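In what follows, a structure is listed as structure tokens, so that the remarks can point back to it.
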Amino acid sequence: MDSSSRKLGRLGVSSNVIRKFGKAVAESLFAVLIGLLGGALLMLAYGYDALRAYRVLFLGSFGDLNGFLETLAFATPLILTALTFGIGVRAGLFNIGAEGQMYLGAIGAVMVGGALSLPPGIHLVAATLFAMLLGALWSIPVALLKIFRGVHEVVSTIMLNWVSFWLAMYLITYHLAEAGRAERAVPAQETARYMVIGASLTTVFIVVIGFALLMYFLLWRTTVGYELRLVGYNPDTARYAGISIMKATVISFIIGGLAAGLAGATQVLGRPPSWTIYATMGNLVNLGFEGIGVSLIGRNHPIGIVLAAIFYGGFLHGGRFMEFEVGVASELVRAINGIIIIALALPELINILKRVKRGRRST
Amino acid sequence: MRLGSLAQRLIWTAVGLGLLALVSYELSQAGIRPIKLLETALLPMTPLVLAAVGECVNERAGVINIGIEGIFLITAVLGVFWAEVLGSGLLGILMGGIFGAIIGGILGVISTYGRADQIIAGIGLNVMSLGLVQYLLMAIWAFPGIHVFPRELVLPRIALQTPIGVLRISPMTIAAIIIALLTALLLYKTLIGLRIRAAGDKPEAVDVAGISVNRVRISASIFAGFLAGLGGAFMPLAWFGGLVKEISAGRGFIALAAVVFAGLNPILALAASFIFGFAEGLAFAIAVTPGVKEVMPFHFVQMTPYLVTIITLAIFVTSRRFPRALGKPYIRE
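Protein chains in written order, with the working numbering: chain B, -4 to 358; chain E, 50 to 382.
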């Protein structure tokens, strides 16, 4: 009796964890469903065949190995920009500056990877690290403004995103343009490219997964990570426990910047066929904002983020088939992402669903 | 303390306006007429004022909407669509307002009854608009990223005789200034204003008085959405004369900065919007000044409004007092 109840108690704890986990997954799936429904309504409103569009989308991105590799290639930068937002949320911040930090990361990768000549091996590492450094540097003013001047990070990150956009455009046009090819910056040299695995997936994907695991380890297995999460969970408790909120804020922004910088690097050093930034920055724009949705779908957890990024990467890749075969603008997937975010903003989403179910049963 | 911070803000606003006067005097020496400068400043000011004044009311009532940028983008497209359908730019702008009100209403409902995280919901609205605008451009006009509509649909500006010359001003700009003044009266001098402010500061009191906190907040959200929608449709229909996918270019966030700068006071929001609008107008004026345009790439001109906004926030916003229940759904105990 005694031992069985203890066993039950132990089971109770673990089943509680499982229930929490299950609830998180169910909420994400439900939000995704709402997003897909919203997207379908938008398509039906303009007379597109929504079912066919979704079938083409999912078959294109998950239907065969080549498509799946391409999906992973799309997921690569999203994992990182999502981590930027995710680690911010964990520390109680809304860091939506991944976009601008990513631009500068890409610029850093072009500067070292494209414009410099270094021995193989060192070149790739140097270009990657420099990209991360620039991303982190761009995030520091946000942290300082927040701590010393009380400027909310939502406004300051967006302003800096735009400054970064025009700075990157300026650098691409005037200093990093490839001679004779106005449409792009200098591509990364052979010595500064990650190896191609298949389709446009390169070994940078492995680096990114490593980064995500490192982030998990940092957040859940180190003191710094614990303090950071406590600040986000309950700043008052953290203050009483003698944890520096300032330190947690700065660390969260810097790590977020490193991730975003690496995201920029993946598009230059690890993404054929361009291996560089287009003059319109078309291969970068919006990756930072899309990371927000990915992070929320992945419940701001590094492992969840990797899975959510693969799912949303499939959206981005499959969206192109949808555009080609059904004529629906591929940007629709971004609108769906936004709807998913709004759905996830609602707490107790599942409870609302239950309430609706209960209501129906009673009538 | 309360009065002190208001006085401080007034002083900084005066300093800002004084600096602008000085700069425009310098520019007039360089051959740019102040009246032209004022005209270029009033255009970017208008959407900022509309959205900022609405957001002042919204945040006073306790709801924060960081999705103004999204409302700007969506109503810019829908405003142009309805202007083409109805054959009138003014009606298009009004339709933009109506769609803005609908979006504001939805946000209001999910922020109150849905108890949503308002920051996340606002971010979601912004992300959604990025894709939705491009989707709508393709779905409606079958052309990616840009749409040019007939010239007649652009709301004409009217000529106003002023002591320093003839000022060509959009009727929407005049309307925006009047709305800012009336909103200030509404907030501080009427019973409705008292209820709105109480809903953000002391929702229990509103509840005890037998008035639904949620209903006050949703009404404020609808009002804010309507004004932001007018601002969004203003951009293509009374300013640019065309539609591009990133038409609002961060202005929704500049409006938010104006709200913070103004400490939720509509009159100060008007002043802040004028300063931010002036920064944008000024940057373009400098960019076309002979001697400058040859050496300075336009990229740096484009950066100016954002830098001015962030520097203004960093330097001038010293003390702020926001409604106690801002961003928190009201749950009766």
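Glycine included, every Cβ here is placed at the ideal spot set by N, Cα and C. All values reported here derive from a predicted model rather than from experimental measurement.
For chain B, check one thing: does any of its Cβ atoms lie closer than 8 Å to the Cβ of residue i?
i                 : result
Ile387 of chain E : Summary: the structure shown does not reach residue 387 of chain E, with chain E confined to residues 50 through 382, and so no result is reported for it.
Val309 of chain E : yes
Pro346 of chain E : yes
Leu362 of chain E : yes
Pro374 of chain E : The amino acid occupying residue 374 of chain E in the given sequence is Ala; Pro does not appear at that position. Chain B, which has no Cβ nearer than 8 Å to the Cβ of Ala374 of chain E, makes this no.
Gln351 of chain E : yes
Arg300 of chain E : no
Thr358 of chain E : yes
Ile168 of chain E : yes
Ile195 of chain E : no
Arg164 of chain E : yes
Gly316 of chain E : First, the amino acid is wrong: residue 316 of chain E is Ile here, not Gly. It does not: the Cβ of Ile316 of chain E has no partner Cβ on chain B nearer than 8 Å.
Arg51 of chain E  : Residue placement at Arg51 of chain E is poorly supported in this model, since its pLDDT is 45, which falls under 50; the coordinates still yield a value, given next. False, the Cβ-Cβ gap to chain B never drops below 8 Å.
Taking 8 Å as the threshold (C-beta atoms), are residue j and residue i in contact?
i                 : j                 : result
Ala207 of chain B : Ile74 of chain B  : yes
Met284 of chain E : Pro96 of chain E  : yes
Ile168 of chain E : Val149 of chain B : yes
Ala384 of chain E : Gly116 of chain E : There is no way to answer for residue 384 of chain E, as the model of chain E reaches only from 50 to 382.
Leu140 of chain E : Ala132 of chain E : yes
Gln96 of chain B  : Ser151 of chain B : no
Ile120 of chain E : Ala277 of chain E : yes
Leu327 of chain B : Gly180 of chain E : yes
Val106 of chain E : Phe371 of chain E : no
Ser269 of chain B : Arg179 of chain B : yes
Ile250 of chain B : Leu31 of chain B  : no
Gln184 of chain B : Gly62 of chain B  : no
Pro115 of chain B : Thr186 of chain B : yes
Ile292 of chain B : Ala26 of chain B  : yes
Ile29 of chain B  : Ala340 of chain B : no
Leu127 of chain E : Gly145 of chain E : yes
Met221 of chain E : Leu235 of chain E : no
Gly330 of chain E : Thr89 of chain E  : yes
Leu253 of chain B : Phe69 of chain B  : no
Leu264 of chain B : Arg188 of chain B : yes
Pull up the DSSP beta-bridge partners for residue i, would you.
i                 : result
Gln183 of chain E : In DSSP, Gln183 of chain E forms no bridge with anything.
Leu216 of chain E : E:Leu209
Thr197 of chain B : B:Val191
Ala172 of chain B : B:Ala180
Please state whether DSSP places residue i in a helix, a strand or coil.
i                 : result
Gln184 of chain B : coil
Tyr189 of chain B : coil
Ile195 of chain E : strand
Val262 of chain E : helix
Leu292 of chain E : strand
Lys377 of chain E : coil
Gly67 of chain E  : helix
Gly280 of chain E : helix
Ser160 of chain E : helix
Ile91 of chain B  : coil
Gly17 of chain B  : helix
Ala340 of chain B : helix
Ala86 of chain B  : coil
Lys238 of chain E : helix
His147 of chain B : coil
His118 of chain B : helix
Phe323 of chain E : helix
Ile115 of chain E : coil
Ala163 of chain B : helix
Met345 of chain E : coil
Arg315 of chain B : helix
Arg200 of chain E : helix
Determine, using beta carbons only, whether residue i comes closer than 8 Å to chain E.
i                 : result
Ile310 of chain B : Per the sequence shown, the amino acid found at residue 310 of chain B is Phe instead of Ile. For Phe310 of chain B, the answer is no, since every Cβ of chain E falls outside 8 Å of its Cβ.
Ser23 of chain B  : no
Ser151 of chain B : yes
Val263 of chain B : no
Met154 of chain B : yes
Gly333 of chain B : yes
Ile330 of chain B : Correcting the residue type first, residue 330 of chain B is Ala in the shown sequence and not Ile. At least one chain E Cβ lies under 8 Å of Ala330 of chain B.
Tyr169 of chain B : yes
Leu279 of chain B : no
Gly288 of chain B : yes
Pro230 of chain B : no
Trp161 of chain B : yes
4 or more residues per run - each alpha helix (DSSP H) lying fully within the region 226 to 293 of chain B: 230 to 235, 240 to 264, 282 to 292
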